[in-house]
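Chains as they are written, first to last, in the numbering used here: chain A, 1 to 597; chain B, 1001 to 1589; chain C, 2001 to 2157. Virtual Cβ for every residue (Gly too), placed ideally from N, Cα, C. Everything below concerns the one structure shown next.
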Amino acid sequence: MAKIKYHILCCGGTGCHASKSDVIMSRFNEVINEKGLTSDAKVVATGCFGFCEQGPIVKILPDNTFYTRVTPEDVEEIINEHIIKGRKVTRLLYTDPAKNEHIEDSKHMNFYKKQIRIALRNCGFIDPENINEYIAREGYEALSKVLGEMTPQQAIEEVKLSGLRGRGGGGFPTGLKWEFASKYQADQKYVVCNADEGDPGAFMDRSILEGDPHSVLEAMEICGYCIGATKGLIYIRAEYPLAIHRLKVAIKQAREVGLLGKDILGTGFDFDVELRYGAGAFVCGEETALIHSMEGHRGEPTVKPPFPAESGYLKKPSNVNNVETFANIPVIFNKGANWFNKIGTERSKGTKVFALAGKINNVGLIEVPMGTTLREVIYEIGGGIKGGKKFKAVQTGGPSGGCLTEKHLDVPIEYDTLIAAGSMMGSGGMIVMDEDNCMVSVAKFYLEFTVEESCGKCTPCRIGNKRLHEILDKITKGHGTMEDLDKLKNLSQVIKDTALCGLGQTSPNPVLSTIDNFWDEYVEHVTVKKCRAGVCTSMLKFVIDPEVCIGCTLCARNCPVNAITGERKSPHQINQDICIKCGTCKEKCKFGAISIK
Amino acid sequence: MGKINLIIDNKPVQVENGTTVLQAAKEIGIEIPTLCYFQLKDLNIENKPGGCRVCVVEIEGRRNLAPSCTTNCTEGMIVHTHSLRVLNARRTVVELILSDHPADCLVCPKSGNCELQNLAHRLGIREISYQGVQSTYRKDTSPSIIRDVDKCVMCRRCEMMCNDVQTVGALSAINRGFTAVVAPAFEQNLDKSPCTFCGQCVAVCPVGALSEVDNTPQVIRALTDKTKTVIVQTAPAVRVALGEEFGMEPGTIVTGKMAAALRELGFNYVFDTDFAADLTIMEEGTELLGRLSDFLAGKKDVKLPILTSCCPGWVNFLEHNFPEMKEVPSTAKSPQQMFGAIAKTYFANKIGVKREDLIVVSVMPCLAKKYECQRDEFKTNGDPDVNYSISTRELAKLIKMANIDFVNLPDAEFDNPLGESTGAAPIFGVTGGVIEAAVRTAYEVFTGQKLPKIEFTELRGLEGVRSATIKVGDLDLNIGIANGLGNARKLLNQVKKGEANYHAIEIMACPGGCIGGGGQPLHHGNSEIILKRSAAIYEEDRNKPLRKSHENPYIVKLYEEFLGKPCGELSHHLLHTHYFDRSTKIEIE
Amino acid sequence: MANIKLAEDKLKALIEVCKSFNNEKGELINVLHKAQEIFGYLPAEVQEVVAHELNVSVATVYGVVSFYSFFTMKPKGENPISVCLGTACYVRGAEKVLEEIKKVAKVEVGETTPDGKFSLACLRCVGACGLAPVLMIGQKVYGRVAPEKVNEILAEY
């Protein structure tokens, strides 16, 4: 990158792509060509910067200028001002909401200050479709070191020493997992990368694959060397076309330069990677289900043991790790396990990537050291609650996790503390909710998801979750009883206790954690039939203030079910038995006489 | 590896490594309830998806409850099978299953013999706490089998039978989550699928989701119709299993009681399919010898190995899966259909009853027989040779309905002329029996010498695929035997690839042969029962004074009076058939 | 069993796809992905052919097709609408957007309009959570969709 003065990094992640970052990039190239600046500036399509809320993002190197919400129309101005005259386009700079002032470069933005980027180290820095850019940033050095200087056992020891635990949800120590797989003898073993990110509201893995596919390939090769596998398989959602494309490009380029295939780096080690496509089933994130799906079957989990390390893909020993876990591996070898295990906490080492979303100012992809508190994430990195509303809950762990409240805000983020608090790390979805979210409805939302995604193999998940959802639905419709709350508790406990796989066993967590933390809200729903967030519409009551109503009859004429009666020029009434809570009357009333109770 | 010590419900137990908690508990007399788990030990059939979660137990030190059917014992394990936590979980799980199950037990075909009903009873469930939406599927009635999918509990036993054991592939788990059930492709009817109607799915279904078509109402109606002469034939495997329905020891031979009960039910003539089995040997044996002598004479295009054709499930399987081999099986009809053809010609004529006034009922251990008797090629002017086929279970139901005290019934004899049989006939009911019966006759006909030893034990046993070479004079007769359609597929694939050199192959669709048929009393996974039925079949053979089909005097008489000679013109017309290609054809639009 | 009829060119393409995966049973899902690319959906006839070519039962193929939400047996509309119901979109009001689409386009989830113009589906997370709520029509992503904007968006088609 030496000769060129400016590098214009444009985010090519799915989020920014959806807001025309591709058009912006071609516009940059057009203008650069028109103005004959090809030797001064170069456009680079990168992976996700993480700050999706402010997308499309354009970052200019070397000065780290961070332009937000760029449109194709802004391109000419950026070239004229920044590239030609060296002056920043102030109006496109990120504005710190607290201080209301422009921040010139990303280093000084709160969003990035608290982050440590290991798994996301290259996302937003390199062109993911150019292997040379990966190599320029220590790419494939770890592989070369492992193949050239370490025995498989030494390499496994290094991973063990790093303290890395699985980032897919369970948190199983990665080195130990590799060791198990290495111990089984077989003519063929497999390294499987789980890229079937199905957690609604999570897109960590996709962003890594889109922004830094080689880091995953490199790690899979290292894993292959450690466990004695020569084949790697990436099980990826078919709904991730961009990630699939980038992986294909990466695999091709790696093969071309001899970093994948036969006799890698002349060490005699063979390894190649193939893609396998998921077809829309959340349960395939569970490793046995994933393996069955790769074999062409229904994605139903099977009872463990046997674990995949013993009998996995095609009944051969297999090691399954998720994308983020793999993305950490090269760094562990480059910087050393002892560097890595200094980051984080006693039992959770390194960092964790979260997809921060919901009612929060800075939606995006973040990576923080383990032990960071929820408060730091939500208020410092996330910039607080949208619209200045009151924080109510944060949901971590997706459909398997739970909702944490105000009282958990100072809990350090670690595998074990989150479980103790009634949630879990999960794959890294982090959804912030405010006072407008009804917690019973949130639990219902997750159960709806689980019901839809249950494979149907075991009774508790197939029927139990359906019944849980039905009870929650009944409560949100205003027909719940206290007995229903008891049933929710017992049924949740039994499902947790008896379901076959991780999906089923954790599916009641959203219910249990909201019952634990928002018991009052449940009780309100069933006893006084009130939804304090105003989400459960069937509990709403529209009333006309007789003091304000002048009897214009407009509401009565517009009511679709004729629930409003009253004489002209005298106050009207709403018959609550007929009212369907559509809100038309309130909208139509010109005097503000109708309110919700 | 050696033994493992563990503690179950405070009792120490020592087991072999690899034993499941369920088995270990059983060894010390603790019967953990199960639902999806299923095993036919002696036939190497096992179903353990670990899906129903009824058999969960508490294992100290484990976060969750564990399914005992799929959890192996480990050293020092401490297991509780009836802690409060386990009981609550087990009850809740069963209540959940019941909450998505029609509560029509009173009129369900499985009532009284339903594993879910028993489970609910055993757990003392008196109310279902978790009510909600129930699944609604279309009921599917095929000629043999009724699918009432609303009752499916996703135990996957039928799927395992249909795919892993039988390799028929008519059924699969479909959909997912709450809507997941086992069904044919596109939820279409079974008769549009490659189903062979072997009925093994019905034989293992713990509930009423799969049951046989009930033909007893038609039989009752026929019996009460004074204008009809109603005759009955009973297959060999029925007499060694029917007693079970009346609480008798498995393997009890109830031939005499059965004949007496049928007479009490009002059948005008009580005949025996065994007679037709002897007839089948005459035809099939002659056909075999014919093909063999053509082969030995160096003729080209001789269809060898000859394949037996008495099992309709197997015939359906061939027509769907091996249509290119449809000229290979013996053209001899099955005993059921031979009986029907003879009854409606020779016998009707003998007693002076018009064909349309003669009703032939068959009692079969089989559900495919229901389909077989409805095949068009077995009808004359729309009138079927066999009008109704009922299963062993349906006969038991009829007997109970008619207030007959079966257990204390004095023995009776079959009527003649279609009731006499040799020992070669009953062994049709067990795998290897047809070919043994054929060899007994073929040997004597081919060599012109008397058999030195009647029993060919080398042809017996329950292994899925067997082979033996029998010396018939100078000829080494290579015989292959398969029971279970998956084994049949293996054997046929060997033949197709030219890896096997058989002259004759016997195939029975059901594991164990007809004794394990889809219409037999339910064994609920106890394979001992099948072994006992097998032993009884051979005992029935030994008890017969004549043990070779060609020695049956009524068969001899039938040929003299009516048919002429085996494989002659009339037998060709009445006793032989042909097969169809039923595979899916892909055409260009 | 029934006889299956398919147009010659498509049948050939399908058989080619199976061949390209060496007619391996284990490649069933990959084959179905390709088949759905060719036909737009997976009608019974296509599943019969795939079963035949890969030597598995049709019931097995259907078992797989009906398991995965990506596979469909119904043809999609000219403009398939997908509403993201991921959590991020949900908490920002995706359900209301979905209701509005149902009303405006007169189509239910999983259905296609009688004129074949629109079909409606829900999906879990497009990964553009920063733009929540999000909907897609064809490959085009619409972000920050308010229910009021639905009419305007659909009018583009």
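Next on the checklist: Less than 9 Å between the C-beta atoms of A:ASN607 and A:LYS496, yes or no?
Outcome noted: Residue 607 of chain A cannot be examined here, being either before or after the span of chain A that is shown, 1 to 597.
Q.
Using 9 Å as the threshold, is the C-beta distance between B:LEU1289 and B:ALA1442 below it?
A. Going by beta carbons, B:LEU1289 and B:ALA1442 fall inside the 9 Å limit.
Please name the residue, chosen from A:ILE471, A:VAL331, A:VAL368, that lies closest to A:ALA219 on a Cα-to-Cα basis. If we check each option's Cα against that of A:ALA219, A:VAL331 comes out closest.
Check: Should B:ILE1515 and B:VAL1360 be called a contact, given that it needs their Cβ atoms to be closer than 9 Å?
Finding: Contact flag unset, no.
Margin query: With distance defined between alpha-carbon atoms, name the residue in B:LEU1223, B:GLU1244, B:LEU1292 nearest to B:TYR1269.
Written below: Checked all of B:LEU1223, B:GLU1244, B:LEU1292; the closest Cα to B:TYR1269 is B:LEU1223.
For a contact defined as C-beta to C-beta under 9 Å, what are the partners of C:ALA2044 on chain B? Neighbours of C:ALA2044 on chain B, chain order: ALA1185, PHE1186, GLN1188.
Grab the span of the alpha helix (DSSP H) containing A:ILE495 for me, first residue to last. Where A:ILE495 is concerned, the enclosing alpha helix (DSSP H) stretches over 482-498.
If you run the structure through DSSP and keep just helix, strand and coil, what is A:ALA2? Residue confidence is low: A:ALA2 scores 47 on pLDDT, short of 50, so the model does not pin down where it sits. Its coordinate-derived value is still stated next. Three-state result, A:ALA2: coil.
Any contact between the segment 1545-1555 of chain B and the segment 1052-1066 of chain B? By contact I mean 3 or more CB pairs, one from each, below 8 Å. Taking a cut-off of 8 Å on C-beta distances, the segment 1545-1555 of chain B does not touch the segment 1052-1066 of chain B, as fewer than three cross pairs fall below it.
Review point. To the nearest angstrom, how far is it from the Cα of A:GLY551 to the Cα of A:CYS536?
Key: Linking A:GLY551 to A:CYS536 through their CA atoms gives a straight-line distance of about 29 Å.
Enumerate in chain order the residues of its own chain whose CB-to-CB distance from B:GLY1050 is below 7 Å, with the five nearest sequence positions on each side excluded. Only PRO1067, CYS1069, THR1070 meet the Cβ criterion.
Exercise. Would a check of beta-carbon distances place B:ARG1085 closer than 9 Å to chain C?
Worked result: Under the Cβ distance rule, B:ARG1085 does not count among the residues neighbouring chain C, no pair being separated by less than 9 Å.
By the DSSP assignment, the alpha helix (DSSP H) with A:ARG467 in it spans what residues?
Going by DSSP, A:ARG467 is part of the alpha helix (DSSP H) stretching over 465-476.
Are any of the Cβ atoms in chain C nearer than 9 Å to that of A:SER207?
Answer yes: the Cβ-Cβ gap between A:SER207 and chain C drops below 9 Å somewhere.
If you draw a straight line from the C-alpha of A:TYR240 to the C-alpha of A:PRO200, how long is it? Going from the Cα of A:TYR240 to the Cα of A:PRO200 covers about 14 Å.
For C:GLN2036 and chain B, any beta-carbon pair shorter than 9 Å? By this cut-off, C:GLN2036 is not an interface position.
To the nearest angstrom, report how far apart A:ALA186 and A:PRO308 are at their CA atoms. Straight-line Cα distance between these residues: approximately 13 Å.
Between the segment 507-519 of chain A and chain B, which residues of the former have CB atoms less than 7 Å from a CB of the latter, in chain order? From the segment 507-519 of chain A, no residue has a Cβ closer than 7 Å to chain B.
Q: Please list the segments of the beta strand (DSSP E) lying wholly inside the segment 2046-2118 of chain C, counting only runs of 3 or more residues, in order along the chain.
A: Whole beta strand (DSSP E) segments, 3+ residues: 2079-2084.
Self-check item: C-alpha distance - C:ALA2155 paired with A:LEU290, whole-angstrom precision
Solution: When rounded, the separation of the alpha-carbon atoms in C:ALA2155 and A:LEU290 is 41 Å.
Proximity below 9 Å, CB of A:GLY312 to CB of A:VAL323:
No; because the gap between Cβ atoms is not below 9 Å, this pair is not in contact.
Check your understanding: When you check each C-beta in the segment 1171-1184 of chain B against every C-beta of chain C, which residues fall closer than 7 Å?
Key -> For the segment 1171-1184 of chain B, residues whose beta-carbon sits nearer than 7 Å to a beta-carbon of chain C comprise LEU1171, SER1172, ALA1173, ILE1174, ASN1175, ARG1176, PRO1184.
Kindly list, in the order they appear in chain B, the residues whose Cβ is closer than 7 Å to that of A:ASP199. Simply none; closest approach about 17 Å.
What number of angstroms, rounded off, separates the C-alpha of C:CYS2122 from the C-alpha of C:CYS2084?
Linking C:CYS2122 to C:CYS2084 through their CA atoms gives a straight-line distance of about 6 Å.
Using 9 Å as the limit for Cβ to Cβ distance, is C:ALA2088 near chain A? Cβ-Cβ to chain A under 9 Å: yes for C:ALA2088.
| CB contact flag (A:VAL89, A:ASP74, <9 Å) | It is a contact, given that the beta carbons lie within the stated cut-off.
message = Suppose contacts are defined by Cβ-Cβ distances below 9 Å. Is A:CYS455 in contact with B:ALA1180 by that definition?
response = In terms of Cβ geometry, A:CYS455 and B:ALA1180 form a close pair [threshold 9 Å].
Legend entry - chain A contact residues for B:SER1099, given Cβ-Cβ distances below 8 Å: Within chain A, the residues near B:SER1099 are ILE463, ARG467.
Worksheet entry | Neighbourhood of B:LEU1558 by C-beta, 8 Å cutoff - its chain only, sequence neighbours within 5 removed | Leaving aside the five residues that flank B:LEU1558 on each side, the residues in its chain whose CB is nearer than 8 Å to its CB run, in chain order, LEU1279, ILE1342, TYR1346, PRO1417.
Looking at the strands, I want to know which residues DSSP matches up with A:GLY402.
In DSSP, A:GLY402 forms a bridge with A:THR396.
N- and C-terminal bounds of the beta strand (DSSP E) containing B:ALA1535:
For B:ALA1535, there is no enclosing beta strand (DSSP E); the enclosing alpha helix (DSSP H) covers residues 1527-1543.
Review point. Using a Cβ-Cβ cut-off of 8 Å (strictly less than) and excluding sequence neighbours within five positions of C:LYS2012, which residues of its own chain qualify?
Key: Exclusion of the five residues before and after C:LYS2012 leaves no residue of its chain whose Cβ lies closer than 8 Å to its Cβ.
### Beta-bridge partners of A:ASN321, as assigned by DSSP
For A:ASN321, which the question treats as bridged, DSSP gives the partners A:CYS193.
Length-filtered (4 minimum) alpha helix (DSSP H) runs lying within the segment 1375-1412 of chain B
Here the runs fully enclosed are 1392-1401.
Which of helix, strand or coil DSSP assigns to B:ILE1032 | In the structure shown, B:ILE1032 sits in coil (DSSP, three-state: anything other than H, G, I, E or B).
*Using a Cβ cut-off of 9 Å (strictly closer), state whether B:GLU1589 contacts chain C.*
Residue-level contact check: B:GLU1589 touches chain C, since one or more beta carbons of chain C fall below 9 Å from its beta carbon.
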